[in-house]
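If you read the protein sequences in the order shown, they are chains A and B.
Under my numbering, the first residue of the first sequence carries the number 19, and numbering increases by one thereafter.
Under my numbering, the first residue of the second sequence carries the number 398, and numbering increases by one thereafter.
See below for the structure under consideration.
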Amino acid sequence: MAKVEKKRALNEETLRDFLRGMLLIRRFEEHVEERFRAGDLPGFLHVAIGQEAVAVGVCQAMEEGDVFASTHRAHGHTLARGTPPKAVMAELYGKIEGCSRGYGGSMHLYDLERGNFGANAVIGGGLPHVTGAGLAFKLRDEPRVALAFFGDGATNIGTFHESLNLAQLWKTKTVFVCENNHWAESTPGWQHSPVWDDMSKRALAFDMRSIKVDGQDVEAVFEAAHEALEFARSGEGPVFLDVETYRMHGHFIGDPQVYRTKEDREEAADNDPITRLRERLALGDDEFKAFDDQANQIVEEALEFAQNGTDPQPEDALKNVYA
Amino acid sequence: MTYREAVRDALGSAMRKDEDVFIMGEDIAEMGGSMAVTQGLLEEFGPERVRNTPISEMAIVGAGIGAAMAGMRPVVEIMYEDFLTLSLEQIVNQAAKHRYMSGGQLKVPLTVRTQGGAGWSPGAQHAQQLEAWLVHVPGLKVAYPSMPEDVRGLLWTAIYDDNPVILFEHRLLYPVKGQVPEELEPIPLGKARTIREGTDVTVIAIGPLVHRAVGAAKQAEEEGISVEIIDPRTLQPLDEDALVASVKKTNRAVVAHEAVTRMGFGAEVAAVLQYKAFDYLDAPIERVGAKFAPLAFAPVMEQFIIPQPEDVLAAIKRTVGK
Chain A
19 MAKVEKKRAL NEETLRDFLR GMLLIRRFEE HVEERFRAGD LPGFLHVAIG
69 QEAVAVGVCQ AMEEGDVFAS THRAHGHTLA RGTPPKAVMA ELYGKIEGCS
119 RGYGGSMHLY DLERGNFGAN AVIGGGLPHV TGAGLAFKLR DEPRVALAFF
169 GDGATNIGTF HESLNLAQLW KTKTVFVCEN NHWAESTPGW QHSPVWDDMS
219 KRALAFDMRS IKVDGQDVEA VFEAAHEALE FARSGEGPVF LDVETYRMHG
269 HFIGDPQVYR TKEDREEAAD NDPITRLRER LALGDDEFKA FDDQANQIVE
319 EALEFAQNGT DPQPEDALKN VYA
Chain B
398 MTYREAVRDA LGSAMRKDED VFIMGEDIAE MGGSMAVTQG LLEEFGPERV
448 RNTPISEMAI VGAGIGAAMA GMRPVVEIMY EDFLTLSLEQ IVNQAAKHRY
498 MSGGQLKVPL TVRTQGGAGW SPGAQHAQQL EAWLVHVPGL KVAYPSMPED
548 VRGLLWTAIY DDNPVILFEH RLLYPVKGQV PEELEPIPLG KARTIREGTD
598 VTVIAIGPLV HRAVGAAKQA EEEGISVEII DPRTLQPLDE DALVASVKKT
648 NRAVVAHEAV TRMGFGAEVA AVLQYKAFDY LDAPIERVGA KFAPLAFAPV
698 MEQFIIPQPE DVLAAIKRTV GK
């Protein structure tokens, strides 16, 4: 296991871009929560507040042509990979301008153009896919990597173990990104896994290279993800990225979190990745507000776009069942 | 050519033509598959394209999905269709739905081959017929060929279809010989085949029941009953027109499969026929299938559960009031 030391290799402007990306996710999610509570949005939604640095750090490290599979908590990954906020928001509103044309919704965001193989609402569902895609890249000798995001809760499901085993056995061009936020819905890590506080032990069992990283430090996430992606790209084998992070809100919007102590929530709040980056960049109030206003404006434009989007025709439901 | 050779020929032909086609499954390489279907393919195509897998049905199918989404045309083998149940999450929630959930952006050109079937007393976990489970899922195509020519042509088409296709083979059919065209001829999915023409009753049968129906039809003929046999070959999409046209001609129908009768594929066929050929039916539609029990081990019990040629014959006779 390699512990990635902060190299501080990224320049200030890159970090400012990361901050823009993270703030976009944060404000996007806050608006989504607000609109859901107002009864504007159908379905079942999960926000990634607290985990923005993972999405931005990993997605910024990916190259064009790389593909990824996401989870039910997908808004952040999708935005960080560059899908326009308007298309993501329109999808949440079930409009045909949405990134899945209204067929997917919050838990099924896709964007093939940007390598998004789909947010998956079955825990661990996308892990075999990135194993297979990573195999295809290897068979075709393509310099591409397939990456999956998943949470600590996914490390107990069969697809996780079958996929890591197969990927390591065949040295596929795959990166497994475990976002360990210490919660499997309402069940804390210590109740669901014997290695909840060190998920890289899971990789050890498959003889897979793993990298542990602080998921609240976007710079460190970027460095670690870059290292993981380049190792996988070289064809030497898959990498398990063990990312420690925090889920600052509930499992889903409306989750009262009765299972969570005040201390636990405070600890999460104290580890806000945006605050960390702001401090790292030593941004004053005015300067930070400028970033924030910009993020809010983008999200408000996305909201307006989505609210004025086009509803599918009911009978469109029968299209796209087959290619 | 035997049914087994026909499957192998389709796989080999596609792999020869196209670098994007590769196969993976349990014991398919050196051993040549537990049914000896893939024998010789490792020698010809090498271990990169003929891949032995761990015993990991979810990963086998799921990696196939990922490779398909990345642009390849994998063919995966699930050794027994009983084990298909282990991979159903990936088949039902993933393969069948990526195109739809993405609003038409993705395609999953994956072929899943599997086999099953009773008649050799393996007990309850190695011989089930579960095709009805898969036909029920929008987004999947399902084929169940009964003849060497059909399995060769349909497997080829399945490989080149841009949708996930589940192809069922039957263990007892592998040694069955049949005429095949010199050159591999693709057979479209969704086209039924008339196995035998007749005028009094139509037997719509799949898999081994096609062969059992042929035996029953010969006996019925001796008793003056003219039996037409139609093999849909593809269960989804279903060639409803061919089935309905035949029943409109004969006015009587028997549906037959080795799977459990209740909620089986034949129930759907019967529903289609009663709706589309209601005014033409002169008798209730008869259904032939396995009795509602897991498959027993003792040969006498196993044979009691699964449908025999005599069961098909008895159903035929009931439709004509004999």
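Every residue gets a Cβ at the ideal spot worked out from N, C-alpha and C, and that includes glycine.
Within chain A, partners of residue i - CB distance below 8 Å
i: P578(B); result: Within chain A, no residue comes near P578(B); the closest Cβ sits about 28 Å away, beyond 8 Å.
i: L503(B); result: Y128, L130, F135, G136
i: F565(B); result: Per Cβ cutoff of 8 Å: no residues; F565(B) is ~19 Å from chain A at best.
Buried/exposed call for residue i, threshold 16 Cβ in 10 Å
i: D547(B); result: buried
i: N338(A); result: buried
i: E31(A); result: exposed
i: V666(B); result: buried
i: T511(B); result: buried
i: G536(B); result: buried
i: Q342(A); result: What is shown of chain A runs 19 to 341, which leaves residue 342(A) out entirely.
i: K538(B); result: buried
i: F701(B); result: exposed
i: P545(B); result: buried
i: L438(B); result: buried
i: M19(A); result: Note that M19(A) scores 46 on pLDDT, short of 50, meaning its location in the model is unreliable and no value can be drawn from it.
i: F694(B); result: exposed
i: E16(A); result: The requested residue 16(A) is not part of the displayed model; chain A covers only 19 to 341.
Amino acids of chain A, ordered along the chain, whose beta-carbon sits closer than 7 Å to that of residue i
i: A460(B); result: P146, T149, G150, L153, L184
i: N648(B); result: In chain order: nothing, as chain A lies at least about 33 Å away.
i: H495(B); result: G136
i: D559(B); result: A341
i: P733(B); result: This structure cannot settle anything about residue 733(B), because the visible part of chain B is limited to 398 through 719.
Between the CA atoms of residue j and residue i - distance to the nearest angstrom
i: Y672(B); j: Q705(B); result: 28 Å
i: T96(A); j: V685(B); result: 51 Å
i: K24(A); j: V85(A); result: Reliability fails at K24(A), whose pLDDT of 48 lies under 50, so the model's placement of it is uncertain and the value that follows must be treated cautiously. If I take the Cα positions, the gap works out to 26 Å.
i: A166(A); j: L145(A); result: 6 Å
i: G430(B); j: R405(B); result: 11 Å
i: A460(B); j: A151(A); result: 7 Å
i: P629(B); j: V651(B); result: 13 Å
i: D708(B); j: M455(B); result: 37 Å
i: V641(B); j: L670(B); result: 6 Å
i: L408(B); j: E416(B); result: 12 Å
i: P256(A); j: R162(A); result: 12 Å
i: K615(B); j: G661(B); result: 26 Å
i: A333(A); j: M398(B); result: Here residue 333(A) turns out to be Glu, not Ala, going by the sequence shown. The straight-line gap from Cα to Cα measures roughly 46 Å.
i: V276(A); j: D288(A); result: 20 Å
i: G621(B); j: K688(B); result: 29 Å
i: E245(A); j: P542(B); result: 49 Å
i: D303(A); j: G39(A); result: 18 Å
i: G253(A); j: K156(A); result: 7 Å
i: A105(A); j: A320(A); result: 8 Å
i: R53(A); j: L552(B); result: 49 Å
i: A680(B); j: I556(B); result: 40 Å
i: L710(B); j: A656(B); result: 18 Å
i: H567(B); j: T508(B); result: 16 Å
i: Y677(B); j: F270(A); result: 55 Å
i: I703(B); j: V534(B); result: 25 Å
Cβ-Cβ separation, residue j to residue i (assumed contact under 8 Å), whole Å
i: V600(B); j: I584(B); result: Their Cβ separation, rounded to whole angstroms, is 21 Å, which puts V600(B) and I584(B) out of contact at 8 Å.
i: M421(B); j: R448(B); result: 4 Å
i: H126(A); j: A137(A); result: 6 Å
i: E70(A); j: G94(A); result: 6 Å
i: F323(A); j: A108(A); result: 6 Å
i: A250(A); j: V193(A); result: 5 Å
i: A515(B); j: L692(B); result: 5 Å
i: M266(A); j: G68(A); result: 3 Å
Identity of the residues DSSP links to residue i by a beta bridge
i: T190(A); result: DSSP, once it has assigned bridges, lists no residue as partnering T190(A).
i: R470(B); result: V418(B)
i: H269(A); result: Per DSSP, none; premise fails for H269(A).
i: H567(B); result: G513(B)
i: E402(B); result: Paired residues: none, contrary to the question.
i: T205(A); result: A202(A)
i: S124(A); result: Per DSSP, none; premise fails for S124(A).
i: R590(B); result: D628(B)
i: A164(A); result: V85(A), T192(A)
Residues that residue i contacts on chain B, provided the C-beta gap is smaller than 8 Å
i: A164(A); result: G463, A467
i: L187(A); result: P451
Residue i: contacting residues in chain B (beta-carbon distance under 7 Å)
i: E180(A); result: S453, M455, A456
i: G122(A); result: M498, S499, G500
i: G176(A); result: M455
Interface partners of residue i on chain B, CB under 9 Å
i: V85(A); result: G463, M466, A467
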